[in-house]
Amino acid sequence: AQSVTQLGSHVSVSEGALVLLRCNYSSSVPPYLFWYVQYPNQGLQLLLKYTSAATLVKGINGFEAEFKKSETSFHLTKPSAHMSDAAEYFCAVRGGATNKLIFGTGTLLAVQP
Amino acid sequence: KAGVTQTPRYLIKTRGQQVTLSCSPISGHRSVSWYQQTPGQGLQFLFEYFSETQRNKGNFPGRFSGRQFSNSRSEMNVSTLELGDSALYLCASSLDHRGGNQPQHFGDGTRLSIL
Numbered sequence: 001a002q003s004v005t006q007l008g009s010h011v012s013v014s015e016g017a018l019v020l021l022r023c024n025y026s027s028s029v030p031p032y033l034f035w036y037v038q039y040p041n042q043g044l045q046l047l048l049k050y051t052s053a054a055t056l057v058k059g060i061n062g063f064e065a066e067f068k069k070s071e072t073s074f075h076l077t078k079p080s081a082h083m084s085d086a087a088e089y090f091c092a093v094r095g096g097a098t099n100k101l102i103f104g105t106g107t108l109l110a111v112q113p
Numbered sequence: 001k002a003g004v005t006q007t008p009r010y011l012i013k014t015r016g017q018q019v020t021l022s023c024s025p026i027s028g029h030r031s032v033s034w035y036q037q038t039p040g041q042g043l044q045f046l047f048e049y050f051s052e053t054q055r056n057k058g059n060f061p062g063r064f065s066g067r068q069f070s071n072s073r074s075e076m077n078v079s080t081l082e083l084g085d086s087a088l089y090l091c092a093s094s095l096d097h098r099g100g101n102q103p104q105h106f107g108d109g110t111r112l113s114i115l
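Chains as they are written, first to last, in our numbering: chain A, 1 to 113; chain B, 1 to 115.
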């Protein structure tokens, strides 16, 4: 069964610093992977998705993620953090041949001035 | 293009009551999924509807039910509310039920509080 693990429930960075949020997946078949962001009192917004066309995926707001099959990872990065990036980030994998998404436990990103 | 619309945004109920939440998907989207988000359990899949049929169901008791109308709008119902049902209920829509790399688009949720 597919699953994702997000390492680090809380990550704090300084404004302008590199953001690295970790996600490892467990899947017996090539996975469909997604990153979502949730701002306070809002729903989930899609940041990016892995399509197998390229291992480096660019998303919105300057975020990107690299799919590494050998490490079963799909880490999310941003070169320079902004205060507006403070939010909770969720990695998700498609649950089989269905629409169901299986989410990680989330990483709360704090950006310090 | 309007996004996924959920109503109401906030709801307060007492134990034993029932509640109905509504979701209007993005125009043209025919699949609607529901998720429950709590601090303890995180995001958990409730069920998915496509063409007015439930296609997939999560591990929730029968008190949780849903339906979809011919215009793809969906409702979910929770009967005999318990304190543990307090959560943010999120609705997500997508073009169809085939999964793959098509994303789900989420509404802002309904915050349900049980007193």
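Ideal placement from N, C-alpha and C gives every residue a C-beta, glycine not left out. All of these numbers come straight from a predicted model, not from anything done at the bench.
Whole-angstrom C-beta distance between residue j and residue i, which should lie under 8 angstroms
i	j	result
B:C91	B:V19	That pair is no contact at about 14 angstroms.
B:M76	B:S65	7 angstroms
A:F90	A:L44	7 angstroms
B:F47	B:N56	6 angstroms
A:Y36	A:L47	6 angstroms
B:S22	B:T38	So it is not a contact: roughly 21 angstroms between Cβ atoms.
For residue j and residue i, the rounded distance between their alpha carbons
i	j	result
A:T105	B:G42	6 angstroms
A:E66	A:C23	10 angstroms
B:V78	A:Y39	26 angstroms
A:E64	A:H75	8 angstroms
B:G107	A:S12	27 angstroms
A:T55	B:Q104	21 angstroms
Neighbour list for residue i in chain B, Cβ cutoff strictly below 9 angstroms
i	result
A:K68	Within 9 angstroms Cβ-Cβ: nothing; A:K68 doesn't reach chain B, min ~18 angstroms.
A:G106	G42, L43
CB contact check: residue i to chain A, cutoff 9 angstroms
i	result
B:D85	no
B:P8	no
B:F106	yes
B:L11	no
Residue i: contacting residues in chain A (beta-carbon distance under 8 angstroms)
i	result
B:E48	T98, N99, K100
B:G100	Y32, R94
B:D55	Here residue 55 of chain B is Arg; the residue named in the question, Asp, does not match the sequence. Within chain A, the residues near B:R55 are T98, N99.
Cutoff 9 angstroms: residue i Cβ touching any chain B Cβ
i	result
A:T5	no
A:Y25	no
A:Q42	yes
A:Q2	no
A:F103	yes
Under 7 angstroms by beta carbon: chain A residues contacting residue i
i	result
B:G28	The contacting residues do not exist; B:G28 stays about 15 angstroms from chain A at best.
Residue i: contacting residues in chain A (beta-carbon distance under 9 angstroms)
i	result
B:S31	N99
Neighbour list for residue i in chain B, Cβ cutoff strictly below 8 angstroms
i	result
A:G51	Note that residue 51 of chain A is Thr in the sequence shown, not Gly. Those are N101, listed as they occur along chain B.
A:L21	Those within 8 angstroms of A:L21 in chain B number zero; the least Cβ separation is about 16 angstroms.
(request) Only counting runs of 3 or more residues, tell me where the beta strand (DSSP E) segments fall wholly within the region 15-98 of chain B, in order along the chain. (result) 19-24, 31-38, 42-50, 53-57, 64-68, 74-78, 87-94
(request) Enumerate, from N- to C-terminal direction, the unbroken beta strand (DSSP E) stretches of 3 or more residues contained entirely within the region 55-92 of chain A. (result) 56-58, 64-68, 73-78
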